[in-house]
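According to the UniProt record's numbering, the stretch in the sequence shown is residues 1 to 371, in order. Note that the Cβ used here is the ideal one computed from N, Cα and C, for glycine as well. Here is the structure we will look at, set down as structure tokens.
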Amino acid sequence: MVSNPDKGIWLCEINPKTGEQLSESRRIWNGTGGRHPEAPHIYQKDGWYYLLIAEGGTEYGHKVTIARSRHIEGPYDGNPSNPILTHINMNAQDSPIQGTGHADLVQASDGSWWLVCLAFRPQTGSHHLTGRETYLAPVRWNENAWPVVNGNGTISLQMDVPTLPQQPLAKKPVRTDFKEGRMGHEWVHIRNYHPENYSFVSGKLRLKATSISLNHEKGSPTSMGRRQEHIGFRATTSVALQKAEAQDEAGLTVYMFEPAHYDLFVKQTSEGAQAVVLRYRMGLLTHIEREVALPKATQVQLRVHGSSDRYRFEYATDGKNFHQLGEIDAKYISTETAGGFTGIMLGMYAVSATASSKAYAEFEYFDYEGE
């Protein structure tokens, strides 16, 4: 386990059924000197206890280090070749994968060894938006019984590895149409799920608007989103805002976390009409890029295109002829600029200006297509 602010990796015995601590905690290794030593795993192999940890924080200085002992309580001696995985050095400075760390060692059914880790893909200069992703690399054990990752302590998008039995990977459908009355595992909510705010009606997803906005630091806005998985993509939805009062809204969000999101939405105006609005939230700055009046309350199609360095927003009222409302640099809601490390979520949401509003939004579908 990890103890902060005391730092280092600590060990104690627990009751596996109850979690009760059965022995005094003791520090067993401080790592190699990198900040934030964390994510410990212990493995028993060939008479050794191996302790694998992450150091450097979940950023460009991330790395994986390892130590071992003949006894589980230590003392642990570090691998002279630490770190066993990092992209902080010159040999990986130009890699499209960065921030490698938080690893685990696994042995396949054929006896081969592998390392699973987290990393990210920079896409606009030194900025990234897809969050920490999972990577797999081959491992061999050297003559001194230390693990060697991919031959050189780095990973790449293409690696020479032993062939394991191939399993077909089903292609994900572009469209989620809500007709089955359920959502797949790829869909998540912002914080807590309140079932009374979500329903399926006549093949559509109905989101009940609440006064908890996307800017709320602790609340759970009515929202349903999925990860941005590709650097280049297109996402489209179709929404109708119903029984709305002035300033109620519903639409499509490109969401990192509460102070960093771009929103394309339908809003009820003070005059009783509706408008489509493009809004940017970047830290303390909220900017309305454009607002276009709609001829009447109608089903509106909202679309966002993502590329390596920007997002472009469009709308339509006939499902065919899309009009661009604006585009903006992607880096302003990236991890390096805004903070956070979970990556962008693309989602549908509904927000009311008052707690008494009866507004709701009905979404016909959500399309996501990687490029």
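message = Give me the DSSP bridge partner(s) of residue 147.
response = The residue you call residue 147 lines up with position 147 of the sequence shown. DSSP, once it has assigned bridges, lists 141 as partnering residue 147.
Nearest-angstrom Cα separation, counted from residue 236 out to residue 335 = As a working mapping, residue 335 is identified with position 335 in the sequence shown. As a working mapping, residue 236 is identified with position 236 in the sequence shown. Approximately 24 Å, taken between the alpha carbons.
ask   = Considering only residues of the same chain and omitting the five flanking positions on each side of residue 143, which have a CB-CB separation below 6 Å?
value = The residue given as residue 143 occupies position 143 in the sequence shown. The answer is none, since no qualifying residue turns up.
Range of the contiguous beta strand (DSSP E) that encloses residue 103 = Residue mapping note: residue 103 aligns to position 103 of the sequence shown, counting from 1. Note, residue 103: beta strand (DSSP E), 98-107.
key: Touching by the beta-carbon criterion (3+ pairs, under 8 Å), the segment 262-271 and the segment 241-250   = yes
Proximity winner among 282, 369 and 318, relative to residue 304 (alpha-carbon distances) = Position 304 of the sequence shown, counting from 1, holds the residue named residue 304. Out of 282, 369 and 318, 369 has the C-alpha closest to the C-alpha of residue 304.
request  = Give a yes or no on contact between the segment 122-133 and the segment 71-78, applying the rule of three or more CB pairs nearer than 8 Å.
outcome  = no
request  = Could you name the residues that DSSP lists as bridge partners for residue 201?
outcome  = Along the sequence shown, one-based indexing puts residue 201 at 201. Per DSSP, 204.
inquiry  = Please report the straight-line C-alpha distance between residue 160 and residue 354, rounded to a whole angstrom.
reply    = Numbered from 1 along the sequence shown, position 160 holds the residue referred to as residue 160. Numbered from 1 along the sequence shown, position 354 holds the residue referred to as residue 354. Taking the straight line joining both Cα atoms gives about 58 Å.
Backbone CA spacing between residue 90 and residue 337 [nearest angstrom] = Position 90 of the sequence shown, counting from 1, holds the residue named residue 90. Position 337 of the sequence shown, counting from 1, holds the residue named residue 337. Going from the Cα of residue 90 to the Cα of residue 337 covers about 24 Å.
Whole-Å CB distance - residue 105 paired with residue 49, under 8 Å assumed = By one-based count along the sequence shown, residue 105 stands at place 105. By one-based count along the sequence shown, residue 49 stands at place 49. Going by Cβ atoms, the distance from residue 105 to residue 49 rounds to 13 Å, so no, they are not a contact pair.
Within the segment 106-137, ranges of the beta strand (DSSP E) (whole runs, at least 3 residues) = 113-120
request  = Go ahead and label residue 38 buried or exposed: buried means 16 or more other beta carbons lie within 10 angstroms of its beta carbon, across all protein chains shown.
outcome  = Sequence index remark: in the sequence shown, residue 38 carries index 38 (1-based). Buried, because 16 or more other Cβ atoms sit within 10 Å of the Cβ of residue 38.
task = Out of 227, 154, 257 and 185, state which residue places its alpha-carbon closest to the alpha-carbon of residue 339.
result = Here residue 339 refers to the residue found at position 339 when the sequence shown is read from its first residue. Checking every option, the nearest Cα to that of residue 339 belongs to 257.
request  = Run the CB neighbour count on residue 82, radius 10 Å, all protein chains shown included, and call it buried at 16 or more, exposed below.
outcome  = Here residue 82 refers to the residue found at position 82 when the sequence shown is read from its first residue. It is buried - the Cβ of residue 82 has at least 16 other Cβ atoms within 10 Å.
query = From this set, 17, 357 and 176, which residue's C-alpha is nearest residue 200's C-alpha?
reply = Numbered from 1 along the sequence shown, position 200 holds the residue referred to as residue 200. Nearest C-alpha to residue 200: 176.
query = In whole angstroms, what is the alpha-carbon distance linking residue 146 and residue 107?
reply = As a working mapping, residue 146 is identified with position 146 in the sequence shown. As a working mapping, residue 107 is identified with position 107 in the sequence shown. Cα to Cα, the separation comes out at about 15 Å.
ask   = Should residue 12 go down as buried or exposed, given a rule of 16 or more other Cβ atoms within 10 Å for buried?
value = Here residue 12 corresponds to residue number 12 of the sequence shown, with the count starting at 1. Exposed, because fewer than 16 other Cβ atoms sit within 10 Å of the Cβ of residue 12.
request  = From the DSSP output, in three-state form, read off residue 40 for me.
outcome  = Sequence index remark: in the sequence shown, residue 40 carries index 40 (1-based). Three-state DSSP puts residue 40 in a strand.
key: First and last residue of the uninterrupted alpha helix (DSSP H) at residue 337   = Here the question's residue 337 lines up with position 337 in the sequence shown. Start and end: 335-338.
message = Judging by CA-CA distance, which residue of 24, 291, 252 and 297 is the nearest neighbour of residue 272?
response = By one-based count along the sequence shown, residue 272 stands at place 272. Among 24, 291, 252 and 297, the Cα nearest to that of residue 272 is on 297.
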